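One line per chain: the protein sequences are A and B, in this order.
Mind the numbering: the first sequence is residues 67 to 204 in this note's numbering, read in order.
Mind the numbering: the second sequence is residues 3 to 159 in this note's numbering, read in order.
Right, one structure below, let's go through it.
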Amino acid sequence: MNPETTATETAMQIERSVLQDAVVVRIEGRFEFGTRHDYKRLIGQIVQEGHRRLVLDLEGVTFVDSSALGLLLLTDQNFKLQKGHFSLVNPTGYVRQVIELANLPRVIPVYDSIGEAIAGNAEAIALRTPTSSGVTIQ
Amino acid sequence: MTQTPSIQSWRGCEDVVPTEDGIAAARARAVEAMERAGLDADDLFAIELCLHEALVNALVHGVRNGGASQILLSYEIDRRHVRVVVDDDGANGELPNGSRNEFQAGPGRGLWLMRAFTSRMHSEGGLVAMELDLDSDPVSHSNHISKKVERGLGVVC
């Protein structure tokens, strides 16, 4: 725990793990313009490593802004281009309201738990559903 | 019956240090003042988000792309409203209008959020002025975020 309010107000913690064949990224704190570089760096690394399934756990996120919404849309586009799958897990409170207000769940699946997201990812990949651009997921 | 929470009037202004740390600190100070003035959690969140977006816009479009050297922030709280003005002296080009199409395309997402979370918003050049009505009646509370979610203001189609 960091007792310094000012430091925690602008901080974001981000960590990755692997569950089955999905990468799970957990974010805590503020996901916004001031913390975008940490997110971009980690997601760029994951994309470069060739992972096709990414689950973003937002349960610990306390604030999102337009930069974060843009990054989520970009991440989704990246994974779709690579015939992969990207989903969000458990945004809460105001964060969920901003995401819903922007209609992001129409584009990016939102699940209530990591288990559901991984199952949903696997199903989407297994179904080999045509993407919106008409490309078949292999 | 719940009693109308008392809001203390307050005015503040500052010459914001035009850096990422500078805008974060200015935002934190303004939000702290509004919390002290008695804004509830919903209004605080809405105004923090909009203030943040306006300051980020000023830094990115005014300072970095428009050569601005100064960002001015002023705000005023009374029993019925919160008013916030963010102004920079940069050579800002035509700002996006914050429409649904622009949200999907990229630029203008911040303005869209400001429009969505305030009662009134005006932007012109490097100036953004916003007003949030403080309405304690939950039935007519036009700013309540969940009401906006229910009304389906979403921008991603």
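Backbone N, C-alpha and C fix where the C-beta goes; we use that ideal spot for every residue, glycine too.
Remember, predicted model here, so these are calculated numbers, not experimental data.
Beta-carbon proximity of residue i to residue j, cut-off 8 Å
i	j	result
Ile49 of chain B	Leu134 of chain B	yes
Leu139 of chain A	Val89 of chain A	no
Leu57 of chain B	Val18 of chain B	yes
Gln10 of chain B	Ala30 of chain B	no
Asp123 of chain A	Asn144 of chain A	no
Ala131 of chain B	Leu75 of chain B	no
Burial state of residue i, where buried means 16 or more other Cβ atoms lie within 10 Å
i	result
Arg122 of chain B	exposed
Asn67 of chain B	exposed
Asp87 of chain A	exposed
Gly181 of chain A	exposed
His63 of chain B	buried
Cys52 of chain B	buried
Glu98 of chain A	buried
Ser153 of chain A	buried
Asp42 of chain B	exposed
Alpha-carbon to alpha-carbon, residue j and residue i
i	j	result
His103 of chain A	Thr141 of chain A	14 Å
Asn59 of chain B	Tyr105 of chain A	20 Å
Ala77 of chain A	Thr101 of chain A	7 Å
Ile93 of chain A	Arg13 of chain B	35 Å
Gln79 of chain A	Gly95 of chain A	6 Å
Asp45 of chain B	Asp137 of chain B	10 Å
Arg107 of chain A	Leu147 of chain A	19 Å
Ser133 of chain A	Ala168 of chain A	13 Å
Ala188 of chain A	Gly126 of chain A	24 Å
8 Å Cβ cutoff, residue i in contact with chain A
i	result
Ala118 of chain B	yes
Ala26 of chain B	yes
Closer than 8 Å to chain B by CB, residue i
i	result
Phe97 of chain A	no
Gly100 of chain A	yes
Bridge partner(s) assigned by DSSP for residue i
i	result
His63 of chain B	DSSP lists no partner for His63 of chain B.
Asp89 of chain B	B:Leu74 and B:Leu129
Chain C contact for residue i (CB, 8 Å cutoff)
i	result
Ser132 of chain A	The chain labelled as chain C is not found among the protein chains of the depicted structure, namely A and B.
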